[in-house]
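I have placed the structure first, in the form of structure tokens, so that the comments after it can refer back to it.
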Amino acid sequence: MSFFKKIKEKMSGTNEGVTEKFKDGLSKTRNQFTSKVNDLVARFREVDEEFFEELEELLLQADVGFETVMELIEVLKIEVQRRNIKDTAGIQSIISEKLVEIYRAGEQLDNTLALQQEGPTVILMVGVNGVGKTTTIGKLAARLMNEGKSVMLAAGDTFRAGAIDQLVVWGERAGVEVIRQSEGSDPAAVMYDAIRAAKNRKVDVLICDTAGRLQNKVNLMNELEKVHRVIGNEVAGAPHEVLLALDATTGQNALVQAQTFKEATNVTGIVLTKLDGTAKGGIVLAIRNKLKIPVKFVGLGEGVDDLQPFDPEKYVYGLFADGLEQEQDN
């Protein structure tokens, strides 16, 4: 059984709506990447060195990342030799299989949220301005509310004009309370008030917004350290999650941002926003391979329910859905 068929079988036991979201959300990457792979397969009858060179270029264009591409090409060459594959028929199935294996390889990464059994789970959301951080907080709050959790938001981005008001709007949409102070207030003071309120109201999850300034890494580190300290003093072991929002449309620049935040704070997971708006969806693999941080959620559209937990098989299905369905028809 080909890997495509294995994926299709696995998908049949899951929420079809979610599977379709991955398919629709990755349509730009699929139309660019997969269509070119199809053309490549059509042009080459044999799997030779020239074929691998052109495949390598396509993967780099999809922002899979140099190191990941080199690893994938090497693994594919070994697999082609092991299976004694001469022609290009079915090569997409092998590519997709190896992409999933590479994502899952090495250190096991937990892509679930570390929700606590007792007391408030504190989630710190970090990321530069403009990546969709506040929108992601609103969508995550709505998702947790739908799962039966009580949620509160802390407006800790007190520096960006309009950030507090934007979070309040999202709080109203999700039906959750937003703890805030005036613009320019000390973010740590906001966190202190929010944690006290979350404890008093016995809230399950507190999601904290933070400032997204990167002009000075030292200031960023100091600010995040102060926020961490205040949160940790009020709730043992908190923050339980530090989620970094990255804009998928920025490609390799997202990796640079991720590295900066990784140095400034203990990032526990990535939320990759605007994945539906880019033709370079391969950045998911580059992040996993280079940073060793799990991608926990991906943004696949503008709707409240378009923030979805990341799943490697659904991701690969979204990348290769057309080829999978063609194979099923044959």
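Numbering (the numbering used here), first residue to last: 102 to 431. All residues carry an ideal CB built from backbone N, CA and C; glycine is no exception.
Among the options, the one whose alpha carbon lies nearest that of residue i
{"i": "E158", "options": "K137, G233 and G257", "result": "K137"}
{"i": "L373", "options": "N367, A365, T366 and G383", "result": "G383"}
{"i": "K129", "options": "Q162, A242 and G313", "result": "Q162"}
{"i": "L214", "options": "G402, E248, K397 and L254", "result": "K397"}
{"i": "V176", "options": "D377, I195, N390 and R389", "result": "I195"}
{"i": "A380", "options": "K122, E121, R183 and L127", "result": "L127"}
{"i": "A206", "options": "N390, V223 and E403", "result": "N390"}
{"i": "E147", "options": "G404, Q182 and R261", "result": "Q182"}
{"i": "G239", "options": "V417, P413 and D407", "result": "D407"}
{"i": "G419", "options": "L200, A312, V368 and G263", "result": "L200"}
{"i": "K250", "options": "Q358, G233, V368 and E219", "result": "E219"}
{"i": "A242", "options": "V405, L210 and K393", "result": "V405"}
{"i": "I394", "options": "L356, K375 and G352", "result": "L356"}
{"i": "T189", "options": "L321, N320, I371 and A143", "result": "A143"}
{"i": "V385", "options": "K415, A255, T361 and E403", "result": "K415"}
{"i": "A299", "options": "F152, V252 and T361", "result": "V252"}
{"i": "L216", "options": "I308, L210 and Q133", "result": "I308"}
{"i": "G313", "options": "T361, L173, P413 and R184", "result": "T361"}
{"i": "N185", "options": "F421, L173, D149 and A255", "result": "D149"}
{"i": "Y204", "options": "P413, A256 and A422", "result": "P413"}
{"i": "G402", "options": "T350, G333, N301 and A255", "result": "T350"}
{"i": "V417", "options": "G263, E202 and M322", "result": "E202"}
{"i": "F260", "options": "L254, E248 and D287", "result": "D287"}
{"i": "A256", "options": "E248, N301 and V269", "result": "V269"}
Counted within 10 angstroms of its Cβ, other Cβ atoms place residue i as buried (16 or more) or exposed
{"i": "K303", "result": "exposed"}
{"i": "K124", "result": "buried"}
{"i": "N431", "result": "Because N431 carries a pLDDT of 49, less than 50, the predicted location of this residue cannot be relied on, and no value is offered for it."}
{"i": "S283", "result": "exposed"}
{"i": "D348", "result": "buried"}
{"i": "M226", "result": "buried"}
{"i": "F411", "result": "buried"}
{"i": "F167", "result": "exposed"}
{"i": "I179", "result": "exposed"}
{"i": "M171", "result": "exposed"}
{"i": "D377", "result": "buried"}
{"i": "V277", "result": "buried"}
{"i": "R274", "result": "exposed"}
{"i": "G233", "result": "buried"}
{"i": "S197", "result": "buried"}
{"i": "V368", "result": "buried"}
{"i": "G370", "result": "buried"}
{"i": "A262", "result": "exposed"}
Strand pairing of residue i, partner residues [DSSP]
{"i": "Q217", "result": "Bridge partners of Q217: none, in fact."}
{"i": "L402", "result": "Rather than Leu, the amino acid found at residue 402 in this sequence is Gly. None; G402 has no bridge partner."}
{"i": "M474", "result": "Here the chain covers residues 102 to 431 and nothing more, so residue 474 does not appear."}
{"i": "P410", "result": "F398"}
{"i": "I224", "result": "I308 and E342"}
{"i": "E147", "result": "D188"}
Contact check, residue i vs residue j, beta carbons under 7 Å
{"i": "M292", "j": "V331", "result": "yes"}
{"i": "D258", "j": "D294", "result": "no"}
{"i": "L245", "j": "V336", "result": "no"}
{"i": "T235", "j": "Q193", "result": "no"}
{"i": "A346", "j": "G228", "result": "yes"}
{"i": "H341", "j": "T237", "result": "no"}
{"i": "V328", "j": "A359", "result": "no"}
{"i": "K122", "j": "Q409", "result": "yes"}
{"i": "V279", "j": "G285", "result": "no"}
{"i": "E155", "j": "L141", "result": "yes"}
{"i": "R281", "j": "I265", "result": "yes"}
{"i": "T169", "j": "A387", "result": "yes"}
{"i": "K363", "j": "G400", "result": "no"}
{"i": "G352", "j": "D164", "result": "yes"}
{"i": "L392", "j": "T366", "result": "no"}
{"i": "F145", "j": "F134", "result": "no"}
Self-check item: Length at least 3, wholly inside the segment 323 to 374: the beta strand (DSSP E) runs in chain order
Solution: 342 to 348 and 370 to 374
Quiz item: For the segment 173 to 215, which segments carrying the alpha helix (DSSP H) assignment without a break, of at least 4 residues, lie completely within its bounds, in sequence order?
Solution: 192 to 205
Quiz item: Taking the runs of the alpha helix (DSSP H) that are 4 residues or longer, which of them lie wholly in the segment 235 to 291?
Solution: Fully contained in the segment 235 to 291 are the following alpha helix (DSSP H) runs of length 4 or more, in chain order: 264 to 275.
Practice problem: With a floor of 3 residues, list each beta strand (DSSP E) that falls wholly inside the segment 292 to 322, ordered by position along the chain. | Solution: 306 to 309
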